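Chemist:
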Amino acid sequence: MKTFIGFTEALELTLDHVAPGEEEELTLLAAVGRVLTADLTSLVDSPSISTSRKDGFAVVPEDLSTASRDHPIRLKLVGRCTAGDIRPVRMSRGEAVRVTTGALIPAGASAVISEEFCRVEDSTVVCFNTAESDRNILQRGTDVRSKDQVAARGDRLTPARLGLIAAAGHGAVRVQRMPRAAVIATGDEVVSPGMPLPSGKLYASNMVEIGAWLSLHGIPFRTAVIPDRPQAIRKAIQRGLSETDVFITSGGAWGSEKDLILKVVADMGWTGIYHRVRMGPGKPVGFGLLDGRPFFVLPGGPPSNEMAFLQLCLPALMKMMGLGPSVFPTAAARLSDHVHGERGWTEFVHARLKKSPAGLLAVPSRLKSRLKSMAEKEALIVIPEGRDAIPAGEMIDVQVLTSTVGPAGAAS
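Under the numbering used here, think of the first position of the sequence shown as -10, with each following residue one higher.
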């Protein structure tokens, strides 16, 4: 097992040891946020017929070429078509058929004049505007044509994309199965949120934040709060082996006398990949494989826990979902104040984003409260290994956190 490795190497090793799992078929309503495993082509034309875009009257354009309010044209009203009624209707020059939005265009007509430009007098339609060919008509296949590609392998299914797939004639899709996660918080001092808090204890806020990130991306998970007892930790892990694809533990990452996670998984036969990374915060993070499953040992300190999860664990989960490992978009911003770290480390600094006349401004957080700084950050400033500081005024690329969205998942 490698120790004290650089952040870039740690990320590469992590991604080298995870892969997408099986695929499954889901109905469209259950597939939002999932990743397609095959290209999709349309099975039908959509719309399947040429229809009216407006409530009005189907007409022959040539009949209304001189129509105006001062010189209206009178047409004979010969029928009515409504949406969903596909009975064939035919009309000729000098005639009009009332149509509603979505109605079939009668044979012989090639335009629709909106009803606000007409009035009906008995069986006559008085028109006082022109209507050129194709006016207010949605032609067959306008939205999608049969055999057109509507989605590609690797696409993450958004609500709008699923709407297109539905219009293309599909009722179900083949997608990447979501990885199932186990989130285990360890420590005699840790208490489940909502329970009474004895003196000297603290709530498992790390577990909640990790679970929230998993929910945001639709990843199913289970949680457990386990005391520092080897047997209890081992039992919790064994319980999850049959129903878990990835383990994420919080606390006990240093490997000291009371840090038991690494000892327990070593006894269970895990393959350690690395332990301790030159990143701040997040240094004590460990990663390996247990029974072929990725196993992340995250630090217990909230800033270290969060950063190790966001920078190493979450990219691995994205890959397991069938996505690229890049989780957060980047944006160019000017640094409002200097930041510093250590030359041999990769440092991550909380920041707020402000708009200025000169563009986006990245403002480093100076809050004393670790948890408030974590909660209020909108972006991360990255000081790469090899630099110990970035001066105020320098243009940098920041990781933007506030634009991350995803489907809601469920915890159990």
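Cβ atoms here follow ideal geometry from the backbone N, Cα and C, with glycine treated the same way.
All values derive from a computational prediction rather than experimental measurement.
1) Just curious, the beta strand (DSSP E) that residue 353 is in, first and last residue?
2) My understanding is that residue 158 touches residue 18, with C-beta atoms under 8 Å, so please give their C-beta distance in whole angstroms.
3) Tell me which residues share the same chain as residue 377 and place their Cβ nearer than 8 Å to its Cβ, disregarding the 5 neighbours each side in the sequence.
4) Does the structure place the region 38 to 57 close enough to the region 87 to 105 that three or more beta carbon pairs sit under 8 Å?
5) Check whether the region 112 to 131 and the region 93 to 101 are in contact - that is, three or more C-beta pairs closer than 8 Å.
6) With respect to the alpha helix (DSSP H) encompassing residue 229, which residues constitute its N-terminal and C-terminal limits?
7) Evaluate residue 165 with the Cβ neighbour count: other Cβ atoms within 10 Å of its Cβ, from every protein chain shown; 16 or more gives buried, anything less gives exposed.
8) Can you list the alpha helix (DSSP H) stretches of 4 or more residues lying completely in the region 242 to 326, in chain order?
9) How many angstroms separate the CA atom of residue 222 from the CA atom of residue 388?
10) For residue 130 and residue 53, I'd like the C-alpha separation in whole angstroms.
11) Where in the region 80 to 125 do unbroken runs of the beta strand (DSSP E), each at least 3 residues long, occur, reported from the N-terminal end onward?
12) Which whole-angstrom value describes the C-beta separation of residue 454 and residue 277, a residue pair presumed to lie in contact below a C-beta threshold of 8 Å?
13) So, with DSSP's three-state summary, where would you put residue -1?
14) With burial defined as no fewer than 16 other Cβ atoms inside 10 Å of the residue's Cβ, what is the status of residue 75: buried or exposed?
15) Determine the closest residue to residue 272 out of 383, 281, 285, with distance taken between C-alpha atoms.
16) Quick check: the region -5 to 11 against the region 71 to 86, are there 3 or more CB pairs under 8 Å?
17) Using DSSP bridges, identify the partner residues of residue 371.
18) Using beta-carbon positions only, say whether residue 402 and residue 307 come within less than 8 Å of one another.
19) Which residue marks the beginning of the alpha helix (DSSP H) containing residue 215, and which one marks its end?
20) Can you tell me which of the three DSSP states residue 239 falls into?
Modeler: This is what the structure gives:
1) Residue 353 sits at position 364 when you count from the first residue of the sequence shown. Taken as a continuous stretch (DSSP letters only), the beta strand (DSSP E) holding residue 353 covers 348 to 353.
2) Counting from 1 along the sequence shown, the entry for residue 158 is found at position 169. Counting from 1 along the sequence shown, the entry for residue 18 is found at position 29. The pair is not a contact, with the Cβ atoms about 16 Å apart (cut-off 8 Å).
3) To locate residue 377, count along the sequence shown from 1; it is residue 388. Cβ within range, chain order: 329, 330, 331, 332.
4) Counting Cβ pairs under 8 Å, three or more are found: they touch.
5) Segment contact: the region 112 to 131 against the region 93 to 101, three or more CB-CB distances shorter than 8 Å; contact assigned.
6) Here the question's residue 229 lines up with position 240 in the sequence shown. For residue 229, the enclosing alpha helix (DSSP H) begins and ends at 219 to 230.
7) Taking the sequence shown and counting its residues from 1, the one referred to as residue 165 is at position 176. Residue environment: residue 165 is assigned as buried (16 or more neighbouring CB atoms within 10 Å of its CB, all protein chains considered).
8) Runs of the alpha helix (DSSP H) inside the region 242 to 326: 250 to 256, 291 to 297, 303 to 309.
9) Reading the sequence shown from its first residue, position 233 is the one you call residue 222. Reading the sequence shown from its first residue, position 399 is the one you call residue 388. If you take the alpha carbons of residue 222 and residue 388, they lie about 35 Å apart.
10) Indexing the sequence shown from 1 puts residue 130 at position 141. Indexing the sequence shown from 1 puts residue 53 at position 64. Residue 130 and residue 53 have their C-alpha atoms roughly 27 Å apart.
11) Segments of the beta strand (DSSP E) lying fully in the region 80 to 125: 84 to 88, 100 to 103, 107 to 110, 113 to 116.
12) With the chain running from -10 to 401 in the structure shown, residue 454 is simply not present.
13) As a first step, residue -1 is located in the sequence shown; it is residue number 10 there, counting from the start. Residue -1 sits in a helix when the DSSP states are folded into three classes.
14) What you label residue 75 is simply residue 86 of the sequence shown in a count that begins at 1. Exposed, since its Cβ has fewer than 16 Cβ neighbours within 10 Å.
15) Walking along the sequence shown from the start, residue 272 turns up at place 283. Closest by alpha carbon: 285.
16) No, the region -5 to 11 does not touch the region 71 to 86.
17) Residue numbering aside, residue 371 sits at position 382 when the sequence shown is read from its first letter. For residue 371, which the question treats as bridged, DSSP gives the partners 337.
18) Examination of residue 402 is not possible in this model, given that the chain is present from -10 through 401 alone.
19) What you label residue 215 is simply residue 226 of the sequence shown in a count that begins at 1. Going by DSSP, residue 215 is part of no alpha helix (DSSP H) but of the beta strand (DSSP E) stretching over 210 to 215.
20) Reading the sequence shown from its first residue, position 250 is the one you call residue 239. Note: residue 239 maps to strand in three-state DSSP.
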